[in-house]
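One gets our numbering by counting positions in the sequence shown from 1 and adding 6 to each.
Below is one structure; the comments refer to it alone.
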Amino acid sequence: MNGRPGREIRRFIQDSNHARRNEIAKALGLNYAFFCEFEELRSPLRTPELQVLGGGVHGNAILSKFDILDLGLVQHSVHPVDWNKAEEPRARLEPRRGERAVLRARIAAPGTNLVVYCAHLEVFCGALVRMRHLADIFNDARSQIDQGYPRIAILGDMNTMAHGVARLSPSYCCDRMRFRFLGSTEGEVWQDKILSVPDPRYSEPHATDALAPNPHVLAWGLPPQVALGALNPGFSDPFDARNTVTLDNPKYRWGPWSLMAGKLDWMMLRQLTVHSTSLGNQGYELSDHAWLCADVSV
Numbered sequence: 007m008n009g010r011p012g013r014e015i016r017r018f019i020q021d022s023n024h025a026r027r028n029e030i031a032k033a034l035g036l037n038y039a040f041f042c043e044f045e046e047l048r049s050p051l052r053t054p055e056l057q058v059l060g061g062g063v064h065g066n067a068i069l070s071k072f073d074i075l076d077l078g079l080v081q082h083s084v085h086p087v088d089w090n091k092a093e094e095p096r097a098r099l100e101p102r103r104g105e106r107a108v109l110r111a112r113i114a115a116p117g118t119n120l121v122v123y124c125a126h127l128e129v130f131c132g133a134l135v136r137m138r139h140l141a142d143i144f145n146d147a148r149s150q151i152d153q154g155y156p157r158i159a160i161l162g163d164m165n166t167m168a169h170g171v172a173r174l175s176p177s178y179c180c181d182r183m184r185f186r187f188l189g190s191t192e193g194e195v196w197q198d199k200i201l202s203v204p205d206p207r208y209s210e211p212h213a214t215d216a217l218a219p220n221p222h223v224l225a226w227g228l229p230p231q232v233a234l235g236a237l238n239p240g241f242s243d244p245f246d247a248r249n250t251v252t253l254d255n256p257k258y259r260w261g262p263w264s265l266m267a268g269k270l271d272w273m274m275l276r277q278l279t280v281h282s283t284s285l286g287n288q289g290y291e292l293s294d295h296a297w298l299c300a301d302v303s304v
């Protein structure tokens, strides 16, 4: 099964546009769908490190050797940064237009349809916002399951990095969860406190509609509707959060110790059989993230 998400594909391509994206897909022999999250604006306000992003666009892409039958977006219920406001502190450092959303495609896989999500969650917030965003995706996935599309892959950079020295950052940890789960990474919290709490409607054959919200999400102070949305409707990730590192920022290494590292990238699969997995770019020569790969069958 070859369905590939693409994120930050234009990292060093300032003139990125439809023609160039089409050129990449054509060279690979793949169909593609692209959602532009942001138009990056050239600006003297950008730091030298961020200046390479000035000009061009970036967003989420799905590439597939199979036909793409339907497309949609999952709009986030909250936006912690309003990138369209000039007075927004973060926007002053990184001028851009747009907002984050999740791209969804229904793909004509052999013998069935496969729903694929490509997500890139906000990094300038805290763990609670990303829990809300995951609940948004789960809610949309439920609607796909209810329509008769049970085979689903949720893929992308979820930016689950609210741990390590990031806990001390007012940019990366902006909520009360900053020190709430000391001893665990944000990825481990997702794995242990969200993915491990099933939605009985989608995991038990005779479950009723009487649901108890995710108790952990409730205890962290999120609304009951978010805690209901955060019940896992049948997804699992073949890459264990305790043993998988997809970002290890060299700026935050102290000798042999990594002070900002963790599993930021996810592959949540539903009703798909995993045959093998691999992890690449662990030297981070090609990107600041490692890549995840899985061979699966429907």
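Positions of the beta carbon are idealized from the N, C-alpha and C atoms, including for glycine.
{"Asked": "For residue 196, which residues does DSSP report across the bridge?", "Found": "None, per the DSSP bridge assignment."}
{"Asked": "The alpha helix (DSSP H) spanning residue 139 covers which residue range?", "Found": "133-152"}
{"Asked": "Could you please give the first and the last residue of the uninterrupted beta strand (DSSP E) stretch that includes residue 104?", "Found": "102-104"}
{"Asked": "Taking the continuous beta strand (DSSP E) assigned at residue 277, which residues delimit it?", "Found": "From DSSP, residue 277 is part of no beta strand (DSSP E); its letter is neither H nor E."}
{"Asked": "Starting from residue 169, trace the alpha helix (DSSP H) both ways and give me its first and last residue.", "Found": "Here residue 169 belongs to no alpha helix (DSSP H), and DSSP marks it neither H nor E."}
{"Asked": "Identify the residues that DSSP records as bridge partners of residue 261: which are they?", "Found": "In DSSP, residue 261 forms no bridge with anything."}
{"Asked": "Please look up how many angstroms separate the CB atoms of residue 99 and residue 273, rounded, as I've assumed it's under 8 Å.", "Found": "In fact, because the Cβ distance is near 31 Å, the residues do not count as touching under 8 Å."}
{"Asked": "Who pairs with residue 40 in a beta bridge, going by DSSP?", "Found": "67"}
{"Asked": "Who are residue 126's beta bridge partners in DSSP?", "Found": "163"}
{"Asked": "Per DSSP, residue 76 forms a beta bridge with which residues?", "Found": "112"}
{"Asked": "For residue 289 and residue 153, I'd like the C-alpha separation in whole angstroms.", "Found": "42 Å"}
{"Asked": "For residue 302 and residue 280, which I take to be in contact (beta-carbon distance under 8 Å), what is that distance rounded to the nearest angstrom?", "Found": "5 Å"}
{"Asked": "Return the first residue and the last residue of the beta strand (DSSP E) that residue 298 is part of.", "Found": "297-303"}
{"Asked": "What are the residues that DSSP puts in a beta bridge with residue 267?", "Found": "254"}
{"Asked": "Less than 8 Å between the C-beta atoms of residue 252 and residue 298, yes or no?", "Found": "yes"}
{"Asked": "Under the three-state reduction of DSSP, which class applies to residue 99: helix, strand or coil?", "Found": "helix"}
{"Asked": "Measuring only the C-alpha atoms, how far is residue 192 from residue 198?", "Found": "10 Å"}
{"Asked": "Could you check if residue 119 is buried or exposed, using at least 16 other CB atoms within 10 Å of its CB as the buried criterion?", "Found": "buried"}
{"Asked": "To the nearest whole angstrom, what separates the beta carbons of residue 131 and residue 108, a pair I think is in contact under 8 Å?", "Found": "Contact doesn't hold; Cβ gap of about 16 Å is too wide."}
{"Asked": "Would you list the residues sitting across from residue 45 in a DSSP beta bridge?", "Found": "63, 103"}
{"Asked": "What did DSSP end up calling residue 34 once you bin it into helix, strand or coil?", "Found": "helix"}
{"Asked": "Report yes if the CB atom of residue 44 is closer than 8 Å to the CB atom of residue 78, and no otherwise.", "Found": "no"}
{"Asked": "Start and end of the alpha helix (DSSP H) containing residue 234?", "Found": "230-235"}
{"Asked": "Considering only residues of the same chain and omitting the five flanking positions on each side of residue 194, which have a CB-CB separation below 7 Å?", "Found": "247, 248"}
{"Asked": "Residue 86: which of 203, 133, 117, 222 sits nearest, CA to CA?", "Found": "133"}
{"Asked": "Three or more C-beta pairs closer than 8 Å, one from the stretch 222-237 and one from the stretch 258-274: is that the case here?", "Found": "no"}
{"Asked": "If you reduce the DSSP assignment to three classes, tell me which class residue 17 lands in.", "Found": "A caution first: residue 17 carries a pLDDT of 38, below 50, which makes its placement in the model too unreliable to give a value."}
{"Asked": "Just confirm the distance between the C-beta atoms of residue 72 and residue 114, as a whole number of angstroms; I'd bet it's less than 8 Å.", "Found": "5 Å"}
{"Asked": "Have a look at the DSSP bridge pairing and note the partners of residue 283.", "Found": "300"}
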